Amino acid sequence: MSFENARTAGIRLSASMAASMRATALRAQGRTVFDLSLGEPDFNTPEPIVQAALDAMQAGLTHYTGPSGLAVLKEAIIRKFARENGLTYKADEIAIGVGAKQILFDLFMGSLNPDDSVLIPAPFWLSYRDMVEYNGGQAVLLPCGAETNFKLSPERLAAAITPQTRWLMLNNPSNPSGAVYTRAELEGLGAVLERHPQVCIMSDEIYEHIRFEGVEVCSFPKACPALKDRTLVVNGVSKAYAMTGWRLGYAAGPAALIRVLNKLESQTTTCPSSISQVAAAAALDGPQDFLATAQAAYTRRRALVLEALAQTELRVVPPDGAFYVFPECSAYIGRQTPDGRTIGDDIALADYLLDEGGVAVVPGQAFGVGNYLRLSFATSEENLRTALAAMVACLSTLK
Ligand code: PLP
Numbered sequence: 042m043s044f045e046n047a048r049t050a051g052i053r054l055s056a057s058m059a060a061s062m063r064a065t066a067l068r069a070q071g072r073t074v075f076d077l078s079l080g081e082p083d084f085n086t087p088e089p090i091v092q093a094a095l096d097a098m099q100a101g102l103t104h105y106t107g108p109s110g111l112a113v114l115k116e117a118i119i120r121k122f123a124r125e126n127g128l129t130y131k132a133d134e135i136a137i138g139v140g141a142k143q144i145l146f147d148l149f150m151g152s153l154n155p156d157d158s159v160l161i162p163a164p165f166w167l168s169y170r171d172m173v174e175y176n177g178g179q180a181v182l183l184p185c186g187a188e189t190n191f192k193l194s195p196e197r198l199a200a201a202i203t204p205q206t207r208w209l210m211l212n213n214p215s216n217p218s219g220a221v222y223t224r225a226e227l228e229g230l231g232a233v234l235e236r237h238p239q240v241c242i243m244s245d246e247i248y249e250h251i252r253f254e255g256v257e258v259c260s261f262p263k264a265c266p267a268l269k270d271r272t273l274v275v276n277g278v279s280k281a282y283a284m285t286g287w288r289l290g291y292a293a294g295p296a297a298l299i300r301v302l303n304k305l306e307s308q309t310t311t312c313p314s315s316i317s318q319v320a321a322a323a324a325l326d327g328p329q330d331f332l333a334t335a336q337a338a339y340t341r342r343r344a345l346v347l348e349a350l351a352q353t354e355l356r357v358v359p360p361d362g363a364f365y366v367f368p369e370c371s372a373y374i375g376r377q378t379p380d381g382r383t384i385g386d387d388i389a390l391a392d393y394l395l396d397e398g399g400v401a402v403v404p405g406q407a408f409g410v411g412n413y414l415r416l417s418f419a420t421s422e423e424n425l426r427t428a429l430a431a432m433v434a435c436l437s438t439l440k
């Protein structure tokens, strides 16, 4: 008997979760597996944040909060946008959710009508497409190649917009490519969008604190203030403060859209955990030294990955932000394994790396482009060194 309806059957299991689940299953069989598939900081949540959560529990902050959240968190979010992004928001322009993921899902559930389309530059974070399609929208993928550093150009955007276009999805810095738009590039996109008032902008800035070599991350409405009243900036504490398990995301945008998100939350999760809300407020308001420590670690890891990739025929544009590399793997497609099988595509290559090398990575097709692999370097240097050595050795067996 199937319990799955047609609508749910139409979407995929998150590919990074699927890759990680395969890695876990192989480990359960006694295999050694190095997991470079998940986008999850390996650090513990900083101590002052954990302490704030313990204090909240002891003080009895253990009740429903209402969908718009605790005032202490909303105020911390407002201060964060002012301090880090130079943006001013009022309390009714802030939403919170069970991770940024819930906010994004609710955004499409609450705003899309059947013929609406959503522009998604590819490669894209794999959940965008399924979330749009699940909620009845048309996901329009806009492939952006390595020649533009995987970034959407104003010309490409202008050519893609139709009267049905409802949202443009921007992810800056990008998962999986690590590309970061400059302020001038955002302004270029903004100039096109100003001519199309039916299009709203979702700017997912969840990786803003992970960036390399002096790269600046400019928030979309800061670059394009004329579009602030139709932009939803999505962010969260998962990646910046190593708080993936606390499930706390936030967003800022027009009050009318925030009311839609709150209404859906009132009928689904009610609110994120009250304890996580207090912890997130402590993260945003508290000492920020963890960000620099994490950034330094990611910088060293990025160098290790780039060094290892240079020993292979994988071709990579060094990432400017986030904790992924997204190398092109076409040199290995069509090659033979030692037992005579042909590697047909990036999925087969990822399977080979896992089965023979014990290294879990995610194939590019999951992010909307074939012949790429995504490797996460959100894992310890020790793990990374062993995983990379195993990957280099495994790739060298393909002839
Ligand atoms: N946006 C992007 C681009 C991500 O990579 C992720 C998580 O991997 C999320 C949003 C969701 O983050 P959260 O943990 O806040 O739900």
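Residue numbering for the sequence shown follows this note's numbering, beginning at 42 and increasing consecutively.
Glycine included, each C-beta is placed from N, C-alpha and C at the ideal position.
All of these numbers come straight from a predicted model, not from anything done at the bench.
Using beta carbons (cut-off 7 Å, strictly below), is residue i in contact with chain C?
i: ALA320; result: Among the chains in the structure shown there is no chain C, since it carries only a single protein chain.
Would you mind reading off the limits of the alpha helix (DSSP H) that contains residue i?
i: THR49; result: 47-50
i: VAL319; result: 315-326
i: GLN329; result: Element bounds for GLN329: n/a, residue is neither H nor E.
i: ILE144; result: 140-152
i: CYS435; result: 422-437
i: GLY363; result: Position check: residue 363 holds Ala in this sequence, whereas Gly was assumed. It is not in any alpha helix (DSSP H) - ALA363 carries neither H nor E in the DSSP assignment.
i: ASP245; result: Looking at the DSSP string, ASP245 is not in any alpha helix (DSSP H); the run it does join, the beta strand (DSSP E), is 241-245.
i: GLN99; result: 88-99
i: ALA201; result: 195-201
i: LEU298; result: 296-308
i: TYR291; result: Taken as a continuous stretch (DSSP letters only), TYR291 belongs to no alpha helix (DSSP H), being part of the beta strand (DSSP E) at 290-293.
i: ARG170; result: 168-175
Buried or exposed: which applies to residue i, given that a residue is buried once 16 or more other Cβ atoms fall within 10 Å of its Cβ?
i: TYR105; result: exposed
i: THR420; result: buried
i: GLY362; result: buried
i: ASN85; result: exposed
i: ASN46; result: exposed
i: SER61; result: buried
i: THR65; result: exposed
i: MET243; result: buried
i: LEU302; result: buried
i: ASP156; result: exposed
i: ALA267; result: exposed
i: GLY107; result: exposed
i: MET172; result: buried
i: ILE119; result: buried
i: ASN154; result: exposed
i: GLY80; result: buried
i: ILE52; result: exposed
i: VAL256; result: exposed
i: LEU429; result: buried
i: THR189; result: exposed
i: PHE75; result: buried
i: GLY140; result: buried
i: THR383; result: exposed
Is the beta carbon of residue j closer than 7 Å to that of residue i?
i: ASN412; j: GLU369; result: yes
i: LEU273; j: GLY290; result: no
i: PRO82; j: PHE331; result: no
i: PHE261; j: LEU227; result: yes
i: GLY399; j: ALA431; result: yes
i: ALA199; j: VAL233; result: yes
i: LEU416; j: LEU77; result: yes
i: LEU20; j: LEU160; result: Nothing in the structure corresponds to residue 20, since the chain is present only between 42 and 440.
i: ASN216; j: GLU246; result: no
i: LEU182; j: GLY409; result: yes
i: HIS250; j: ALA281; result: yes
i: LEU347; j: LEU425; result: no
i: VAL319; j: ALA292; result: no
i: LEU193; j: PRO164; result: no
i: TRP287; j: SER315; result: no
i: PHE418; j: THR340; result: no
i: LEU54; j: ALA407; result: no
i: LEU439; j: ARG376; result: yes
i: LEU395; j: ALA389; result: no
Where does the unbroken beta strand (DSSP E) through residue i begin, and where does it stop?
i: GLY277; result: 272-277
i: GLY231; result: It is not in any beta strand (DSSP E) - GLY231 instead sits in the alpha helix (DSSP H) that spans 224-235.
i: GLN179; result: 179-184
i: SER158; result: 158-163
i: THR65; result: Per DSSP, THR65 belongs to no beta strand (DSSP E); it is in the alpha helix (DSSP H), 56-69.
i: SER417; result: 414-417
Exercise. On the three-pair Cβ rule with 8 Å, is the segment 103-120 touching the segment 311-326?
Worked result: yes
Exercise. Any residues whose CB sits closer than 6 Å to a heavy atom of ligand 1? List them in chain order?
Worked result: GLY80, GLY140, ALA141, LYS142, TRP166, ASN212, ASN216, ASP245, ILE247, GLY277, SER279, THR285 and GLY290
For this session: Check whether the segment 250-261 touches the segment 217-224, counting contact only when three or more Cβ pairs, one atom from each stretch, lie closer than 8 Å.
Result: yes
For this session: Decide if the segment 127-139 is in contact with the segment 297-316; the criterion is three or more beta carbon pairs, one per stretch, under 8 Å apart.
Result: yes
For this session: Take every Cβ of the segment 142-158, pair it with every Cβ of the segment 170-179, and state whether three or more of those distances are shorter than 8 Å.
Result: yes
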